[in-house]
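Worksheet for the structure shown next.
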Amino acid sequence: MKDHVETVFRTVESGSAPAVSRIAASWRRSIDKYGLHPGEQQAPERMEDGQLRQRRDEQGSFLQIAAPKLDQLFGLVGQSGCTVLLTDAKGVVLDQRCTAADADVFDEWGLAQGTDWSEAAVGTNGVGTCIAEERNVIVHREEHFLARIASMSCIDAPIYGPDGFIAGALDVSSARSDQTEAFNRLISAMVSQTARQIEVDTFRAAFSQSRIIFADRDSSESTILLAVDSDDIVVGATRGARKAFGLGATGPVTPLPASDLLGRDEGPTGFEKAERAAVMRALARANGNVSEASRALGVGRATLYRRMKRLGIGD
Numbered sequence: 250m251k252d253h254v255e256t257v258f259r260t261v262e263s264g265s266a267p268a269v270s271r272i273a274a275s276w277r278r279s280i281d282k283y284g285l286h287p288g289e290q291q292a293p294e295r296m297e298d299g300q301l302r303q304r305r306d307e308q309g310s311f312l313q314i315a316a317p318k319l320d321q322l323f324g325l326v327g328q329s330g331c332t333v334l335l336t337d338a339k340g341v342v343l344d345q346r347c348t349a350a351d352a353d354v355f356d357e358w359g360l361a362q363g364t365d366w367s368e369a370a371v372g373t374n375g376v377g378t379c380i381a382e383e384r385n386v387i388v389h390r391e392e393h394f395l396a397r398i399a400s401m402s403c404i405d406a407p408i409y410g411p412d413g414f415i416a417g418a419l420d421v422s423s424a425r426s427d428q429t430e431a432f433n434r435l436i437s438a439m440v441s442q443t444a445r446q447i448e449v450d451t452f453r454a455a456f457s458q459s460r461i462i463f464a465d466r467d468s469s470e471s472t473i474l475l476a477v478d479s480d481d482i483v484v485g486a487t488r489g490a491r492k493a494f495g496l497g498a499t500g501p502v503t504p505l506p507a508s509d510l511l512g513r514d515e516g517p518t519g520f521e522k523a524e525r526a527a528v529m530r531a532l533a534r535a536n537g538n539v540s541e542a543s544r545a546l547g548v549g550r551a552t553l554y555r556r557m558k559r560l561g562i563g564d
């Protein structure tokens with residue numbers, strides 16, 4: 250423990266380490282911004298049951314959507330000494346999966362529902378640093394700020410809400426002494442994929458009355474989805490779509506015709522191809538009847554004609 254504390258202070262006091270290392274930069278925040286000490290022994294405080302229930306109620310739909318995904322992820326990592334955690338945007342644990350055999354160990358560390366794992370509370374850790382830096386992180390053992398949790402490995406990914414703001418963090422933590430960095434990277438891929446699945450399902454639920462347009466992209470860190478209303482107006486976008494189309498990182502999306510986005514050459518590939526295929530399928534099923542095809546697609550006849558013209562689909 251003494252060695253870890255000395256390492257943290259020596260690294261933070263270095264003029265160059267925080268500038269080149271994200272972990273060192275987080276250690277500096279933990280000391281300078283939050284006034285924490287790496288030798289602190291107290292576990293994170295756990296909020297009372299009533300407070301936790303209220304917090305969970307505020308995130309009701311988010312938790313309901315995420316629950317089956319947590320079960321799936323836990324089914325993959327639970328028997329290897331890992332716990333799966335879901336937090337809110339402030340780093341408070343709202344839901345958890347772990348085996349009965351591991352529950353006491355994680356509880357002793359404070360890895361339990363109702364505990365605060367923000368950087369402000371416990372310094373550098375998977376949940377808090379993931380939220381603070383808005384990125385996937387792996388915090389392996391001695392990379393943690395506090396010496397008391399320096400034997401843990403934490404793998405996290407942020408989850409963004411339909412409004413572009415962080416809704417929470419997905420965490421897999423392990424207490425295994427033989428946990429390797431290679432195994433951490435394998436888990437990280439699963440955590441990232443699960444976080445994106447939760448993000449997609451949350452977005453679809455938020456725009457359940459809209460048509461959802463999806464674009465393929467070679468990226469595991471973002472999913473590009475647009476929500477389009479019956480007038481072919483974009484009313485919502487995932488974080489990936491916001492970045493791809495310059496729609497603003499957070500907040501409501503300024504309504505604009507989907508064709509204004511999908512026709513851009515600099516936009517992600519796949520949109521026009523997918524839209525053309527959808528129109529062709531509708532026309533084929535309607536035996537070329539444009540009125541029937543427009544009803545099947547949920548758009549007006551005039552709108553469908555405009556799309557057909559833009560997509561180069563003749564009569």
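Position one of the sequence shown corresponds to residue 250 (the numbering used here), numbered consecutively onward. Cβ atoms here follow ideal geometry from the backbone N, Cα and C, with glycine treated the same way.
For residue j and residue i, the rounded distance between their alpha carbons
i    : j    : result
Y554 : A526 : 15 Å
E521 : A338 : 35 Å
K569 : T260 : Outside the displayed span of the chain (250 to 564) sits residue 569, for which this structure offers no information.
T566 : A315 : Absent from the model: residue 566. The displayed extent of the chain is 250 to 564, so no value can be given.
G485 : V548 : 18 Å
R453 : Q428 : 36 Å
Q290 : D450 : 39 Å
S265 : T256 : 15 Å
Exposure label - residue i; buried when at least 16 CB within 10 Å
i    : result
A406 : buried
Q442 : exposed
D353 : exposed
P411 : buried
Q328 : exposed
G372 : buried
Q303 : exposed
R434 : exposed
Q308 : buried
As assigned by DSSP and simplified to three states, the class of residue i
i    : result
G299 : helix
P504 : coil
H389 : strand
L334 : strand
Y554 : helix
C403 : strand
Q345 : strand
I562 : coil
Strand pairing of residue i, partner residues [DSSP]
i    : result
F463 : L474
G327 : In the DSSP output, where bridge partners are listed per residue, G327 has none listed.
R271 : Answer by DSSP bridge pairing: none, since R271 is not bridged.
I447 : DSSP, once it has assigned bridges, lists no residue as partnering I447.
A523 : DSSP lists no partner for A523.
S265 : Answer by DSSP bridge pairing: none, since S265 is not bridged.
Residue i at chain D interface by Cβ criterion, 9 Å
i    : result
I562 : Among the chains of the structure shown, chain D does not appear; only one protein chain is present.
- How do the stretch 263 to 277 and the stretch 373 to 382 stand: do at least 3 beta-carbon pairs fall below 8 Å, yes or no? yes
- Message: Quick test of the definition: if touching needs 3 or more C-beta pairs under 8 Å, does the stretch 431 to 445 touch the stretch 524 to 539?
- Response: no
- On the three-pair Cβ rule with 8 Å, is the stretch 296 to 309 touching the stretch 384 to 404? no
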